[in-house]
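Per our numbering, the sequence shown runs over residues 195 to 304. What follows is a single structure, written as structure tokens, with notes after it.
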Amino acid sequence: MLPMAKEWMTLSQEKYSAFFGWALVGIVALVSFSIVTRLVIRFVFPQKPIGKAQKAQFSDVFEIYGYVPQVKLNEYQYPLPIRDIDDNDHAVIGLSGDLELQYQYALLIC
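Encoded structure:
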């Protein structure tokens with residue numbers, strides 16, 4: 195059986211343990227309130243898009259290129275792609291010249 199708190203805790207330890215216990219209850223209440231509030235806002239009041247959809251398709255704008263994860267190293271003139279880009283439309287990637295040679299040489303994964 196555990197000894198009574200007065201037998202092994204000082205008076206200041208008893209006060210601080212009560213304070214820290216109530217502080218923990220307050221923190222848990224605030225975090226729970228924050229999570230519930232965010233869930234209610236997300237699912238009860240969903241955001242509606244502002245504005246109208248544009249008629250221009252992504253592939254019709256020539257200044258926009260597709261995103262390919264890459265690594266830039268000082269030893270190489272061009273950035274090196276991190277993922278396989280064989281299935282992508284090569285026109286949206288933005289490389290010029292002998293594309294097939296650049297893709298095979300620069301690809302970091304096999």
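No residue lacks a Cβ here, since even glycine has one placed at the ideal position from N, Cα and C. Remember, predicted model here, so these are calculated numbers, not experimental data.
Subject >> Span of the alpha helix (DSSP H) around residue 234 >> reply: To locate residue 234, count along the sequence shown from 1; it is residue 40. Run containing residue 234: 205 to 238, per the alpha helix (DSSP H) assignment.
Subject >> Reduced DSSP category for residue 272 - H, G, I as helix; E, B as strand; rest coil >> reply: Walking along the sequence shown from the start, residue 272 turns up at place 78. Note: residue 272 maps to coil in three-state DSSP.
Subject >> Span separating the alpha-carbon of residue 202 from that of residue 214 >> reply: To locate residue 202, count along the sequence shown from 1; it is residue 8. To locate residue 214, count along the sequence shown from 1; it is residue 20. Straight-line Cα distance between these residues: approximately 18 Å.
Original post:
From residue 231 to residue 241, what does the alpha carbon distance come to, in whole angstroms?
Top reply: Within the sequence shown, the letter at position 37 stands for residue 231. Within the sequence shown, the letter at position 47 stands for residue 241. Their Cα atoms are separated by approximately 15 Å.
Original post:
Hey, how far is the Cα of residue 206 from the Cα of residue 234?
Top reply: Position 12 of the sequence shown holds residue 206. Position 40 of the sequence shown holds residue 234. Computed Cα separation, rounded: 42 Å.
**OP:** Please list, in chain order, all residues of the same chain as residue 317 whose beta carbon is under 8 Å from its beta carbon, the five residues on each side excluded.
**Re:** Not covered by the structure: residue 317. The range shown for the chain is 195 to 304.
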